[in-house]
Amino acid sequence: MAYDRFHLVGCVGVVLAVLLRSPSFGQDANPHKLLAEADRLAWLRVWTRAEPLYAQAREAFARSGDNKNALYAEVSQLRRQLPTLPVPEVSERLSGYLDDPIVENDERLRLRVLIIKGETDEDLDPPLSQRSWTEALALAQKLGEAGWANRARGELGLVAFLQGDTNLPVRVPGRGGNSVRVAR
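All the letters of the sequence shown, read from the start, carry residue numbers 903 to 1086 under this note's numbering.
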């Protein structure tokens, strides 16, 4: 009997510890923290963990009337859903977002839409992807987002390869800014 009670208390303790350490526990009150954590996970390309946080942030921002951040979270959430959605429809939807006045007037939101659009269009239409990544590169540089600028350069290299350009110079990571080799 004492063993059963001890075992039950131990199990409840483990469940509580797991819940309390969960990234989403207690964060509903601050959608900005949810968004920051989702962005961190997205940067690491852990979209399966980022997507539910984007969904929670989107709902919280929508409830508070913050349309810009709700749209940012919605667009970001689309990236995780991409493997299950028709790519041409997602591409068209993202094109529509680019024409939205909210996106046109907020450079960080526009950068996010361009990044997701560039990724979406890589297999569908490489020249279209190239346009998105080129604009994303310029915008990232303007905003001082070195990580996204580097990512855009890398994606532009991939798009060039998909279009048959195998002679594009490629920077070799970790060997200094001047180390370049020709991809063959």
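Note that the Cβ used here is the ideal one computed from N, Cα and C, for glycine as well. Note that the coordinates shown come from a computational prediction; the quantities given were computed from them, not determined experimentally.
Could you have a look at residue i and say whether DSSP puts it in helix, strand or coil?
i, result
"Leu987", "coil"
"Glu1021", "helix"
"Val948", "coil"
"Asn969", "helix"
"Gln958", "helix"
"Thr1068", "coil"
Where does the unbroken alpha helix (DSSP H) through residue i begin, and where does it stop?
i, result
"Glu1047", "Glu1047 -> no alpha helix (DSSP H), and no H or E assigned at all."
"Arg942", "Pro933 to Trp945"
Can you tell me whether residue i is buried or exposed? The criterion is at least 16 other CB atoms within 10 Å of its CB, across all chains shown.
i, result
"Arg965", "exposed"
"Leu1016", "buried"
"Val863", "Look at the range of the chain in this structure, 903 to 1086, and you will see that residue 863 is not part of it."
"Gly1020", "buried"
"Arg1012", "buried"
"Asp930", "Summary for Asp930: the model assigns pLDDT 49, below 50, so the residue's position carries little reliability; its value from the coordinates is reported in the next sentence. With fewer than 16 Cβ atoms within 10 Å of its Cβ, Asp930 is classed as exposed."
"Asp1001", "exposed"
"Glu994", "exposed"
"Gln958", "buried"
"Gln983", "exposed"
"Leu980", "buried"
"Glu991", "exposed"
Tell me the rounded alpha-carbon separation between residue i and residue j.
i, j, result
"Lys970", "Asn932", "16 Å"
"Asn1052", "Arg947", "15 Å"
"Val911", "Arg951", "Note on Val911: pLDDT 49, under 50, position unreliable in the model; the coordinate value appears next. About 30 Å."
"Leu936", "Ala975", "10 Å"
"Leu1066", "Leu987", "Correcting the residue identity first, residue 1066 is Gly in this sequence and not Leu. Straight-line Cα distance between these residues: approximately 27 Å."
"Glu1047", "Ala940", "17 Å"
"Ile944", "Asn1069", "Position check: residue 944 holds Ala in this sequence, whereas Ile was assumed. Approximately 31 Å, taken between the alpha carbons."
"Leu1045", "Arg1055", "15 Å"
"Arg1010", "Ala938", "14 Å"
"Tyr999", "Arg1014", "11 Å"
"Asn1007", "Phe1063", "33 Å"
"Ala1042", "Thr1036", "10 Å"
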